[in-house]
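Working notes for the structure below.
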Amino acid sequence: MKKLTKFGIITMSVFALNLVSQSVVQAEETNSEPANVSVTPGITNSTDAENTSLADNKVAPDPTSDTSLKSDEEGANASSPKTEEISTNSEATTGGKEDSTCSPGTSTGSAPGASCEPDGSNIIDEGGYVNVEGQPAHFSEDGKSVVYNYTVAFKGMHSSDRGQTVRDIRIRIPKIAGAKADFTLIGTRDANENPVDVNVPMKELSYDKYDGYSDWDAIVPSAEELATGKKPSIVNMQDYDFGDGTVNVYAVSSKTFRSTALRVSVTVPLEEAKKIKYLPIDVRFQWKCSQEGGISSYEEGCQHLEEYSLYHPYYANSNGEVTYGALGNPSLVDDTYVQNGHLIRSVSNQNTHITPNNGDWKTIPHDVNINPETFFNYVKIFHLKYGPVKYYASEFEDMADQDVSTLHYGDVVVDYVIKGTNQSIKKTYKDTPLTSIYGSDGKLVTYNTGDNSDERPFSITVDGQKYNLVGISSTSAPETGELKEGTTHVIYEYEKEPAPKPNPEPAPKPNPEPAPKPNPEPAPKPNPEPTPKPNPEPTPKPNLEPAPKPIQQEKVQSLEQKSAHEKAQLPNTGTSESPSAMNLLAIIAGIFGISLFKKSKKSES
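Residue numbers (UniProt numbering): 1 to 605.
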């Protein structure tokens with residue numbers, strides 16, 4: 001009797017335990033179901049959509065419903081560790097049997113008598129899924145627009161049996177008047193899944209045009225397909241968004257489950273760019289499917305991830321209205337969202353976690369600063385740990401990311417001051433006007449203030465005073481370098497040129513060569529021909545006549561007059577009638593010659 005009683009108690013206990021386990025399983029399944037959905041006004045129902053495209057069968061989660069906009073706490077409870085543990089235990093005890101051994105992928109717990117639990121060995125973490133890395137913005141070539149740039153890297157989640165995938169991303173860009181988005185494929189894979197850098201513009205298609213294509217699985221071609229001339233495409237999904245209409249939506253898919261990358265460039269008119277400081281974009285996966293390839297839809301049996309409130313890129317404001325917040329109104333993005341030029345928190349639904357940047361599209365990091373209560377953990381939500389199939393997934397990635405691109409302004413000015421002072425001696429020179437500090441290649445723009453004498457004069461004259469360049473100030477920026485945000489200030493210093501001293505340097509004492517003493521050639525001693533000794537004819541002895549008797553004066557004068565008169569009348573015969581006169585003349589000439597000879601002798605001595 002006692003044995004029967006014990007057996008009955010054991011049987012009732014097992015029965016009760018089975019009932020409890022089943023009720024827990026039902027509760028856990030209810031908590032993990034997606035939020036209720038409602039048909040968006042103007043969209044046909046599923047019956048009418050059997051022969052239509054996604055545009056005619058668009059079903060949106062209702063962000064105002066209680067289930068869709070459940071609190072973060074409720075969302076977290078749907079996939080909490082406690083619920084997972086209960087679910088695990090219930091699966092281990094379903095049917096009222098206790099297995100003594102655990103199936104592959106499970107192990108017994110540490111507590112005595114614990115049932116089998118999944119060990120997670122079927123989850124292969126290959127890193128993150130999505131990374132948006134904002135690049136510096138720059139002016140367009142004509143200076144009339146600002147170009148904001150981003151690198152977007154993504155890879156899909158997949159399974160070993162290819163029975164479950166998360167594929168094709170949505171890129172959301174704020175709607176701005178006059179803005180235009182361009183897309184360039186910069187990274188793909190070859191047939192062996194090796195990364196290949198490329199630079200191929202992507203063709204934009206409308207969804208209707210894309211829907212008519214037969215080749216659905218080749219939005220991003222492989223390297224081999226690109227080599228044959230195949231063009232990458234991006235699909236404009238503007239009319240198929242569940243948000244408030246303040247963003248443009250684009251879809252991209254890839255046939256590879258390795259990382260792929262594209263560059264997003266948004267050109268914004270300058271007047272509109274002046275209204276914002278940061279331009280954000282949002283990128284996230286959209287569909288959970290049971291097959292691979294192409295842009296997904298409900299027609300393919302895929303599940304829209306936005307059915308889960310934790311995954312919404314939008315949220316309900318205080319009035320219960322759907323809004324993208326600062327994602328749709330970038331003027332609201334301020335420095336509280338940004339650190340070191342990149343987002344540190346979501347600009348829309350705060351459940352979106354930020355992926356750190358690594359500058360390499362070939363690898364995608366995990367999310368950081370994860371809050372388990374608001375984190376969209378795909379592995380937990382879809383119970384990937386329960387089963388033999390291997391999933392290439394991560395518990396540290398919410399399949400979404402955001403970032404901003406920023407326009408940094410800078411200029412370069414040059415001042416000229418007297419050394420050791422702030423006194424300016426020349427008008428400030430504008431070396432580089434206010435511009436983007438980054439070029440279209442993403443590199444910092446360089447400057448040089450020493451290119452010519454206009455920028456760096458060697459001397460400056462002010463009010464007649466000359467100043468000479470001595471160098472740059474100790475507080476000056478370098479003469480050459482890279483632009484930085486704000487003003488780069490180069491300062492040249494000058495010194496006054498000293499005035500000439502009134503006492504100039506003493507002129508060197510003249511040291512002329514000594515004047516040569518005059519050494520004239522000796523005057524040649526006169527060597528006159530010897531004066532011939534006079535050899536006068538012998539003076540004839542005077543035949544003195546008896547001295548005449550003195551003649552009276554009157555008689556003499558009359559005689560002279562008479563003689564002159566007679567001479568005048570004599571013929572010119574060359575002879576003298578008076579030998580006495582000739583003799584007298586000869587005597588006088590001889591005396592005169594002797595006197596000259598004596599004088600010459602004296603001068604020689």
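Quick reminder that beta carbons are idealized off the backbone N, C-alpha and C, glycines included.
Simplified DSSP assignment, three categories, for residue i
i	result
residue 608	The displayed coordinates of the chain run from 1 to 605. Any statement about residue 608 would go beyond what the structure contains.
Asn410	Before going further, note that residue 410 is Gly rather than Asn in the sequence given. Strand.
Asp431	strand
Val379	helix
Ala218	Summary for Ala218: the model assigns pLDDT 49, below 50, so the residue's position carries little reliability, and this model does not support an answer.
Ile472	strand
Met157	strand
Ile460	strand
Ile123	strand
Leu483	coil
Ala331	It is worth fixing the name first, because residue 331 is Ser in this sequence and not Ala. In the structure shown, Ser331 sits in a helix (DSSP, three-state: H, G or I).
Ser71	Note on Ser71: pLDDT 36, under 50, position unreliable in the model; the coordinate value appears next. Three-state result, Ser71: coil.
Ile437	coil
Ser590	What sits at residue 590 in the sequence shown is Gly, not Ser. In the structure shown, Gly590 sits in a helix (DSSP, three-state: H, G or I).
residue 659	Residue 659 cannot be examined here, being either before or after the span of the chain that is shown, 1 to 605.
Asp190	coil
residue 609	This structure leaves residue 609 out entirely; the chain is present only between 1 and 605.
Asn583	helix
residue 607	Lying outside 1 to 605, the shown extent of the chain, residue 607 is not represented and no answer is given.
Asp208	helix
Ala177	coil
Glu397	coil
Ser348	coil
Leu185	strand
Where residue i falls, given that 16 or more other Cβ within 10 Å makes a residue buried
i	result
Asp241	buried
Glu485	exposed
Met202	buried
Asn371	exposed
Glu306	buried
Asp367	buried
Met157	buried
Glu397	buried
Asp394	In the sequence as presented, Asp is not what sits at residue 394; that position holds Ser. Ser394 is buried by the Cβ-count criterion.
Lys380	buried
Ser159	buried
Ile281	buried
residue 611	This structure cannot speak to residue 611, because the chain is shown only from 1 to 605.
Sequence-distant residues of the same chain with beta carbon closer than 8 angstroms to residue i, five excluded per side
i	result
Lys275	Ser331
Val338	Tyr278, Ile344, Val404 and Thr406
Gly471	Tyr492 and Glu493
Val490	Val412, Val413, Val414, Asp415, Asp431, Thr449, Ile472, Ser476, Ala477, Pro478 and Glu479
Ser222	Thr188, Arg189, Asp190, Ala191, Lys255 and Thr256
Reference residue i, options the options, closest by Cα
i	options	result
Lys230	Glu493, Val200, Phe257 and Leu205	Val200
Arg167	Pro506, His408 and Ser254	Ser254
Thr256	Lys209, Pro195 and Leu434	Pro195
Gly187	Ser436, Ser348 and Thr151	Thr151
Ser473	Glu495, Val462, Asn452 and Ile281	Glu495
Thr355	Ser348, Asn349, Ile364 and Val347	Ile364
Tyr447	Ser459, Pro500 and Leu434	Leu434
Own chain partners of residue i with C-beta closer than 6 angstroms, once the 5 adjacent residues on each side are dropped
i	result
Gln303	Lys288
Asn248	Ile173, Lys175 and Gln238
Thr488	Val412 and Ala477
Ile591	none
Short Cβ contact (8 angstroms threshold) for residue i with residue j
i	j	result
Ser145	Pro232	no
Val417	Glu493	yes
residue 606	Ile173	Lying outside 1 to 605, the shown extent of the chain, residue 606 is not represented and no answer is given.
residue 685	Tyr378	The first residue shown for the chain is 1 and the last is 605, placing residue 685 beyond what the model contains.
Phe154	Ser259	yes
Glu224	Ala191	yes
Gln402	Thr352	yes
Lys147	Val283	Note that residue 147 corresponds to Val in the displayed sequence, not to Lys. The answer is no: Cβ separation not under 8 angstroms.
Thr432	Leu483	yes
Thr342	Gly134	In the sequence under discussion, the amino acid at residue 342 is His, which differs from the Thr named in the question. Going by C-beta atoms, His342 is nearer than 8 angstroms to Gly134.
Leu205	Leu262	no
Val264	Ala181	yes
Tyr308	Asp244	no
Ala179	Thr267	yes
Leu310	Phe376	yes
Cβ-based neighbour list, residue i, same chain, cut-off 7 angstroms, excluding 5 preceding and 5 following
i	result
Arg162	Glu292
His408	Pro136, Ser436, Ile437, Tyr438 and Glu485
Ser576	Note that Ser576 scores 47 on pLDDT, short of 50, meaning its location in the model is unreliable; the coordinates nonetheless yield the value given after this. So the qualifying residues of the chain are Met582.
Interface flag, residue i vs chain C, CB-CB below 8 angstroms
i	result
Ile123	Going by chain labels, chain C is absent from the structure shown, which holds only one protein chain.
Closer than 7 angstroms: residue i CB and nearest the ligand HEM heavy atom
i	result
Glu482	Looking for the ligand HEM in the displayed structure turns up nothing, as the structure carries no ligands at all.
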